[in-house]
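Just so you know, the sequences run in chain order A and B. The first sequence maps to residues 1 to 450 in my numbering. The second sequence maps to residues 1001 to 1125 in my numbering. One structure is given below, encoded as structure tokens.
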Amino acid sequence: MYLSFALLIAIISNLRKTLKTNGFSAQLDKLLLAGLGVSIAFVALGSTVKSTSAIVQWCLAALLLYSVYFIFKHKEFQTSRPMLFAMLPLIVISLIGDIVEAVSEEFYKEWDNYFETAGLFAFIWMGAYWFITRRQRKALEQERLKAEAKEKEYRITEKLKAELEVQVAERTAALQAQTEELQKTIVELKATQTQLIQAEKMASLGELTAGIAHEIQNPLNFVNNFSEVSAELIDEMNAELAKGDMEEVKAISNDLKQNLEKINHHGKRADAIVKGMLQHSRSSSGQKESTDINALCDEYLRLSYHGLRAKDKSFNAKFETNLDATLPKVNVVPQDMGRVILNLINNAFYAVSEKQKATKDQYEPKVTITTKLVTPHQIEIRVADNGNGIPERIKDKIFQPFFTTKPTGQGTGLGLSLSYDIVTKGHGGTLQVETQEGVGTTFIIIFALS
Amino acid sequence: MKVLVVDDERDVQTLFEQRFRKEIRDGQIHFAFAFSGEEALQYMRQNHQEAVLILSDINMPGMSGLELLKEIKEKYEVPPPVVMMITAYGDVDNYNEAMKLGADDFLTKPVDFGALKEKLKNHIA
């Protein structure tokens, strides 16, 4: 009786614990509580009234069997089934013992030892089983906790992912807007660059204007002077003819012929200057043409010099050309290469004029332009001045766009940077600078013949 | 009379020789030509101030006409030769500078040869 009762109590309390941890229905809990009440009532009845003890024992046994059935019936108690397996041998043996005792007390007494031994084994079984399941359950519990933690972690990750997703979308939109903005800016910048290049070209043309005027004025003067003197010579020749001095007539006619050649020569000179000017102002066709580099250097050196002279009367400088007469014609874009040469020469004259202003006496400003073949396939143009040189700290910057040492408004800061682009990108050459402070600067262009 | 013409344009020589054809033939004026300021000074050193009149361009590479003028007026003994300046830039600055340095006359290009002839004749007389 007490064994059944103890088992019942153990089962019911175990089931209630299971219910509590899994949080299942209150209805089942009520049923279990009722079972507990009934069991206690039975035991109380059985132990106080001796005559009922046999019936109570059977009732408890029935209740025990019902609880076994109860566990198998309800899915909720799946986790409690192992406990049942632990108790089952004890239940069965005590039940068989009770039945045998009830049927034949004699037989029971005779085999009493066996029943007791079986009961002991069943009890040990239960203990061992309980011990093992407890360990298993603990392990399972840990697994469950781990899984729960993982699940929690997963949920957090999912949440973060969703948040990130939103952030990424926002960022992408922002970046796209930025990209569009930048693209627009690039288009605008390209347009500005084109305008600036044109402006720089016009600025250098402006610097040239005075030089051009001077250069044109000189040949025009000769054209006028020689045609005037020729008219006079005709009069003289007529006079000599009348006198019959044929020697003198011959001499005069030779002079006349020479004069006509001079007129023609100076006319062509003016023509070439105007053509060169037009070529300079025209936007570059980008077409490479067979070009006489020496002529280009000579022309721009003169234009630049006279341009500066016209602007600043106090300025004077020696200029020298060391042009290699054996230089073959080279394939370049003449307008572009001309601009580079002009720019370098203008800079050189600017450098020496600055030094002249600062030193006054004991200084002979000089600009030299040299051409030569450095290898059978490479040509070199050197533009050298004996100005103040370029300070080390700005040497790296001189080819940067918009860098200028001139006062605001006097230089665009594009001359050297455009020159650099023309030589390197346009003609696959190099533009280098050698400079020594206080001694002078030399710019060196090197490019291949073809 | 010896006239030294200084100009970096070489055709100036031909022009002068033809313009003063008669004067040269008649031996009234002798011309010498120099194509830079330096050359002019060298000529004067070699010929012991033979030239009494110098016609100089101002705008020349290297030594300018004004520097030449200064050199001549400072270094050459009394009386220094007559120096006439000729320039394409007939501006006030150049004119004042030339006059300050002692130029005897100031002409602008294109040269009026008729007027120049008159001036030279005055100096001969």
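Ideal placement from N, C-alpha and C gives every residue a C-beta, glycine not left out.
Query, Result
"How would you write the range of the alpha helix (DSSP H) that B/Leu1068 sits in, first residue to last?", "Gly1065 to Lys1075"
"Just the Cα atoms here: how many angstroms apart are B/Asp1057 and B/Met1085?", "6 Å"
"Tell me whether B/Ala1088 sits in a helix, a strand or coil according to DSSP, three-state version.", "coil"
"What does A/His427 touch in chain D if you count any residue whose Cβ is under 9 Å from its own?", "Although the question refers to chain D, the structure presented lacks it and instead comprises the protein chains A and B."
"With H, G and I counted as helix, E and B as strand and the rest as coil, what does DSSP make of A/Asp29?", "helix"
"Once DSSP output is grouped into helix, strand and coil, what is the label at A/Gly244?", "coil"
"Just curious, the alpha helix (DSSP H) that A/Asn346 is in, first and last residue?", "Pro334 to Thr359"
"Report the residue from A/Tyr350, A/His214, A/Thr21 and A/Ala191 whose alpha carbon sits nearest the alpha carbon of A/Glu141.", "A/Thr21"
"Exposed or buried, A/Gln198, counting other C-beta atoms within 10 Å across all chains shown (16 or more means buried)?", "exposed"
"Helix, strand or coil for A/Asn452? Go by DSSP, reduced to three states.", "The requested residue 452 of chain A is not part of the displayed model; chain A covers only 1 to 450."
"Closer than 8 Å is the cut-off here; do at least three beta carbon pairs connect the region 425-444 of chain A with the region 1003-1010 of chain B?", "no"
"Is there at least one Cβ from chain B nearer than 7 Å to A/Asn221's Cβ?", "yes"
"Which of helix, strand or coil does DSSP assign to A/Ser331?", "The question names Ser, but residue 331 of chain A in the sequence shown is Asn. If DSSP states are grouped into helix, strand and coil, A/Asn331 belongs with the strands."
"Can you give the Cα-Cα distance for A/Thr117 and A/Leu33, rounded to whole angstroms?", "34 Å"
"Could you confirm whether any beta carbon from chain A is found closer than 7 Å to the beta carbon of B/Ala1115?", "no"
"Look at the alpha carbon of A/Glu354 and the alpha carbon of B/Thr1014, and state the distance between them as a whole number of angstroms.", "38 Å"
"Taking only the alpha-carbon atoms, compute the straight-line gap between A/Ile212 and B/Arg1045 and give it to the nearest angstrom.", "36 Å"
"Give a yes or no on whether the minimum CB-CB distance between B/Lys1109 and chain A is below 7 Å.", "yes"
"Find the nearest neighbour of A/Lys75 within the set A/Glu106, A/Tyr154, A/Leu15 and A/Val103, judged by alpha-carbon distance.", "A/Leu15"
"Considering only their Cβ atoms, is the gap separating A/Ala358 from A/Thr442 smaller than 7 Å?", "no"
"Could you check which residue in B/Glu1023, B/Gly1027 and B/Glu1074 has the C-alpha nearest to that of B/Gly1102?", "B/Glu1074"
"Report, in whole angstroms, the separation of the C-beta atoms of A/Val229 and B/Gln1028, which I expect to be a contact under 8 Å.", "Contact doesn't hold; Cβ gap of about 18 Å is too wide."
"Would DSSP call A/Lys397 helix, strand or coil?", "coil"
"Going by DSSP, name the residue or residues bridged to A/Lys372.", "A/Glu380"
"Under 9 Å, CB to CB, which of the residues in the region 1076-1110 of chain B have a partner in chain A?", "Ala1088, Tyr1089, Asp1091, Asp1093, Asn1094, Glu1097, Lys1109 and Pro1110"
"Between which two residues does the alpha helix (DSSP H) harbouring A/Thr18 extend?", "Tyr2 to Asn22"
"Less than 7 Å between CB atoms is the rule here; does B/Arg998 satisfy it with respect to chain A?", "Chain B is shown from 1001 up to 1125; residue 998 of chain B falls before or after that span and cannot be answered."
"Using alpha carbons as the reference points, say which of A/Thr194, A/Lys17 and A/Pro328 lies closest to A/Ala448.", "A/Pro328"
"Count Cβ pairs between the region 415-426 of chain A and the region 332-343 of chain A that sit closer than 8 Å; are there 3 or more?", "yes"
"If I'm right that A/Ile444 touches A/Arg382 with Cβ under 8 Å, what's the distance once you round it to whole angstroms?", "5 Å"
"Going by DSSP in three states, A/Leu189 sits in which element: helix, strand or coil?", "helix"
"For a test of the three-state rule: what should DSSP assign to B/Ile1058, helix, strand or coil?", "coil"
"Contact between the region 263-271 of chain A and the region 232-246 of chain A: three or more CB pairs below 8 Å?", "no"
"Quick one: Cα of A/Glu261 to Cα of B/Glu1009, how far?", "16 Å"
"Which residue spans inside the region 1016-1050 of chain B form an unbroken alpha helix (DSSP H) run of at least 4?", "1021-1025 and 1037-1046"
"Measuring straight from C-alpha to C-alpha, what distance separates A/Tyr154 and A/Lys146?", "12 Å"
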